[in-house]
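> Each number in the working numbering comes from the position in the sequence shown (counting from 1) with 648 added on.
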Amino acid sequence: MKVLRAFARLFIARWNHCVCLSIVALTMTPASVSQQQPAAGQEIPGMPPAGPVLMLQELIREAEQNNPEIAAAQQGYEAARHVPKEVSALPDTQVSVQQFAVGSPRPFAGYTNSDFAYIGFGISQDIPYPGKRGLRGQVAGREAEARQIQVESARRAVIAKLKATYFRLSYLQQTLSILEKNDQLLRDVQQIVESRYRVGQGNQQEVLKAQLQHTKILQEITMHHREVGQLEAVLKQLLNRRQDTLDIQTEPLAVRAMPYNASDLLKVVTEQNPDIQSQQQMVRKADSQVELAHKEFRPDFNVQYMYENNDRKFRDYYVATFGINLPNRGRRKAALAEAEASRVQASKQLDAELQKRLAEVQDQFVFAQTSAEQLKIYKEGLIPQSEAAFRSALAAYQANRQDFETLLSSFLDVLSLQTEYQRELADHESSLAQLEALTGVTF
């Protein structure tokens, strides 16, 4: 009887264990989870379908032609380049008609009752002191030149943002395929785990952990799809495309070499950075404003000429007038002090802009240099080593010489290092893109 009771308890325990495992398998199978989560190459409902693979240079040309920020900056320069001619022109000429009557307010009544009535026609012209008009045009010309340089600054900013978005999108699209490939590899591992469990060499926890990791990968794929959609929206905005157009497929990234050292880039940024050049134009504009403020102490002139007709009762009158406009010295001194303070401000802003851009170049150079070294370590060391460790762990697990935790850890190392490599590659290329925007060179 004792033997029968023990056998019955063992049978019931085995039956409960099998039922529990069957319920878990039904509720958490990869197939059921896959039906709820999008795969890497699967289209997302409500999102535009994927378009053809587009190279970065094609998108750069499209952005240069269609981006509204670049177009707005260009139109700002077109408006500013007409200002020098406007401010350096002579003041408007005034033409006047004068009627002088005696004894009656009615127009032209004076001809009948007074010998002094007349009709006069005059012209008047204000003439600034010599040199003022040229300096005003020079001030406006410096402003226009700064606006022209700002067009290049806007173009580089848009292209840098386009490149960074493109690189990030390429990273996501590459890691989606990595996740999908590793998910398939995990399915194979899961089959091995289930086979071991069926022959009594594994346990239920190993099966559940494999299924849990599969679900985590599917969740990661879904998060990738969401960020891909957000980046597609940014790219279409930069390209001035409609949001319901085909999504952009990127080409795989490759490591670009950086043939310049830090000193070369620091020298180039001083000479070619548009923000520094624009600030240099503002310093020159401030110099011209100070010179103009000194000129404003000089008087302006006014010339008038009038012809008077008195109905031929007497000979006609011809009146010429020359006037001088004496400037208010207190007001001119205040204007001069303002111009000199603005010049100092512009000079300090130039120094600040220069130091800011030099620091950015140095920072991006160091990042790009160390990132290239990291990529080499990933490609030549970490990734091959992790893959070899995973293959060894898998063989040992199949031979019942390794536990499942070590196998799962090796699998996660491979997945993590492969995605980290793609992320580092995207960051490296974004850093080079930022250096290109700062210096104007192309790697």
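The beta carbon of each residue, even a glycine, is placed where N, CA and C say it ideally should be. Keep in mind the model is a prediction, meaning the values are calculated, not measured.
Taking the Cβ atom as the reference point for each residue, do V750 and F764 lie within a distance shorter than 7 Å?
Here residue 750 refers to the residue found at position 102 of the sequence shown. Here residue 764 refers to the residue found at position 116 of the sequence shown. Going by C-beta atoms, V750 is nearer than 7 Å to F764.
> Cβ-heavy atom distance between Y966 and the ligand MN below 6 Å?
With respect to the ligand MN, the structure shown offers nothing to examine, as it has no ligands at all.
> Taking only the alpha-carbon atoms, compute the straight-line gap between Q937 and N976 and give it to the nearest angstrom.
Translated into the one-based positions of the sequence shown, residue 937 becomes position 289. Translated into the one-based positions of the sequence shown, residue 976 becomes position 328. Going from the Cα of Q937 to the Cα of N976 covers about 18 Å.
> Tell me whether the segment 981-995 and the segment 902-910 touch, counting them as touching only if at least three CB pairs, one residue from each stretch, are closer than 8 Å.
No: fewer than three Cβ pairs fall under 8 Å.
> For T675, which residues of its own chain have a beta-carbon under 8 Å away from its beta-carbon, when the five flanking residues on both sides are left out?
Sequence index remark: in the sequence shown, residue 675 carries index 27 (1-based). Only weak support is given to the placement of T675: the predicted model assigns it a pLDDT of 32, under 50, and the question is left unresolved by the model.
> Give the C-beta separation of N950 and S772 to the nearest angstrom, bearing in mind that I take them to be a contact with Cβ-Cβ under 8 Å.
Your numbering for residue 950 matches position 302 in the sequence shown. Your numbering for residue 772 matches position 124 in the sequence shown. The Cβ separation is near 7 Å, so the contact holds.
> Under a three-way DSSP split, which group does G1029 fall into?
Residue 1029 sits at position 381 when you count from the first residue of the sequence shown. Three-state result, G1029: helix.
> Within 10 angstroms of its Cβ, does S825 collect 16 or more other Cβ (buried), or is it exposed?
Within the sequence shown, the letter at position 177 stands for residue 825. Exposed, by the Cβ-count rule.
> In three-state DSSP terms, what is T675?
Here residue 675 corresponds to residue number 27 of the sequence shown, with the count starting at 1. At T675, the pLDDT of 32 sits below 50, so the modelled position is not reliable and the matter cannot be decided from this model.
> Note down, in chain order, each residue of its chain lying with its Cβ closer than 6 Å to the Cβ of V917, except the 5 sequence neighbours on either side.
Counted from its first residue, the sequence shown places residue 917 at position 269. Contacts found: R1005, V1009, L1086 and T1087.
> With V938 as the anchor, note down where its alpha helix (DSSP H) starts and where it stops.
Along the sequence shown, one-based indexing puts residue 938 at 290. V938 -> alpha helix (DSSP H) spans P922 to K943.
> Pairing CB atoms from the segment 718-734 with CB atoms from the segment 783-798, are three or more of them under 8 Å?
Judged by Cβ distances under 8 Å, the segment 718-734 makes contact with the segment 783-798, as three or more pairs qualify.
> Note down the Cα distance separating Y1045 from T823, rounded to an integer number of angstroms.
Sequence index remark: in the sequence shown, residue 1045 carries index 397 (1-based). Sequence index remark: in the sequence shown, residue 823 carries index 175 (1-based). Rounded to the nearest angstrom, the two C-alpha atoms are 27 Å apart.
> In the DSSP output, which residue or residues are listed as bridge partners for Q742?
As a first step, residue 742 must be located in the sequence shown, where it is residue number 94. Its beta-bridge partners are S772.
> Are there 16 or more other CB atoms within 10 angstroms of the CB of S1090, so buried, or fewer, so exposed?
Position 442 of the sequence shown, counted from the start, is the residue given in the question as residue 1090. In the sequence on display, residue 1090 carries Thr and not Ser. Counting Cβ neighbours within 10 Å, T1090 comes out exposed, since fewer than 16 surround it.
> Give me the residue from F1013, L810, L834 and L1055 with the minimum Cα distance to I886.
As a working note, residue 886 is residue 238 in the sequence shown. According to the sequence shown, residue 886 is Leu rather than Ile. Measuring from the Cα of L886, the nearest candidate turns out to be L810.
> Comparing C-alpha positions only, which one of Q929, I767, Y777 and L738 sits nearest to L940?
Position 292 of the sequence shown, counting from 1, holds the residue named residue 940. The option with the nearest alpha carbon to L940 is Y777.
> What first and last residue would you give for the beta strand (DSSP E) that runs through Y955?
Position 307 of the sequence shown, counted from the start, is the residue given in the question as residue 955. Its beta strand (DSSP E) spans residues D948 to N957.
> Kindly indicate which three-state DSSP category L702 falls into: helix, strand or coil?
Along the sequence shown, one-based indexing puts residue 702 at 54. Strand at L702.
> Only counting the same chain, and skipping five residues up and downstream in sequence, which positions put a Cβ closer than 8 Å to that of D935?
Position 287 of the sequence shown holds residue 935. Only R991 meet the Cβ criterion.
> Is it the case that the Cβ atoms of A802 and E710 are separated by a distance below 7 Å?
Here residue 802 corresponds to residue number 154 of the sequence shown, with the count starting at 1. Here residue 710 corresponds to residue number 62 of the sequence shown, with the count starting at 1. Taking 7 Å as the Cβ cut-off, A802 and E710 do not qualify as a contacting pair.
> In whole angstroms, give me the CA-to-CA distance for A1081 and N1048.
The residue labelled residue 1081 in the question sits at position 433 within the sequence shown. The residue labelled residue 1048 in the question sits at position 400 within the sequence shown. Each residue's alpha carbon lies about 50 Å from the other.
> In terms of residue numbering, what span does the beta strand (DSSP E) encompassing D895 cover?
Here residue 895 refers to the residue found at position 247 when the sequence shown is read from its first residue. Where D895 is concerned, the enclosing beta strand (DSSP E) stretches over D895 to T898.
> Does Q747 come out as helix, strand or coil in the three-state DSSP assignment?
Here residue 747 refers to the residue found at position 99 of the sequence shown. Of the three classes helix, strand and coil, the one that applies to Q747 here is strand, per DSSP.
> Check for me: the beta strand (DSSP E) holding A902 runs from which residue to which?
For the purposes of this step, residue 902 is identified with residue 254 of the sequence shown, where counting begins at 1. Taken as a continuous stretch (DSSP letters only), A902 belongs to no beta strand (DSSP E), as it is neither H nor E.
> Consult DSSP for F1091 and reduce its assignment to one of helix, strand or coil.
Residue numbering aside, residue 1091 sits at position 443 when the sequence shown is read from its first letter. Coil at F1091, not helix or strand.
> Are the segment 831-838 and the segment 1068-1082 touching by the rule of at least three beta carbon pairs closer than 8 Å?
Judged by Cβ distances under 8 Å, the segment 831-838 makes no contact with the segment 1068-1082, as fewer than three pairs qualify.
> Which residue marks the beginning of the alpha helix (DSSP H) containing A720, and which one marks its end?
As a position in the sequence shown, residue 720 is number 72, starting the count at 1. Segment P716 to A728, the alpha helix (DSSP H) holding A720.
> In its own chain, which residues sit with a C-beta less than 6 Å from the C-beta of Q1022, not counting the 5 before and 5 after it?
Position 374 of the sequence shown holds residue 1022. Within the same chain, Q1022 has close Cβ partners E1072.
> Just to confirm, is the Cβ distance from Q927 to Q997 under 7 Å?
Counted from its first residue, the sequence shown places residue 927 at position 279. Counted from its first residue, the sequence shown places residue 997 at position 349. Yes; because the gap between Cβ atoms is below 7 Å, this pair is in contact.
> Closest to L901 by CA distance: which of S1034, N715, L866 and L817 is it?
Position 253 of the sequence shown holds residue 901. Selected option, being the one with the closest Cα: L817.
> Just the C-alpha distance for D895 and R874, rounded to the nearest angstrom, thanks.
As a position in the sequence shown, residue 895 is number 247, starting the count at 1. As a position in the sequence shown, residue 874 is number 226, starting the count at 1. Going by the C-alpha atoms only, they are around 13 Å apart.
> Would you identify the three-state DSSP class for Y814, choosing helix, strand or coil?
Along the sequence shown, one-based indexing puts residue 814 at 166. The answer is helix: DSSP assigns Y814 an H, G or I state.
> Quick check on the burial criterion: 16 or more other C-beta atoms within 10 angstroms. Buried or exposed for T969?
Locating residue 969 in the sequence shown gives position 321, counting from the first residue. Label assigned to T969: exposed.
> Please say whether K780 and K943 have beta carbons closer to each other than 7 Å?
The residue you call residue 943 lines up with position 295 of the sequence shown. The residue you call residue 780 lines up with position 132 of the sequence shown. Going by C-beta atoms, K943 is nearer than 7 Å to K780.
> Inspect the beta-carbon positions of I797 and P922 and report whether they are closer than 7 Å.
Indexing the sequence shown from 1 puts residue 797 at position 149. Indexing the sequence shown from 1 puts residue 922 at position 274. It is a contact, given that the beta carbons lie within the stated cut-off.
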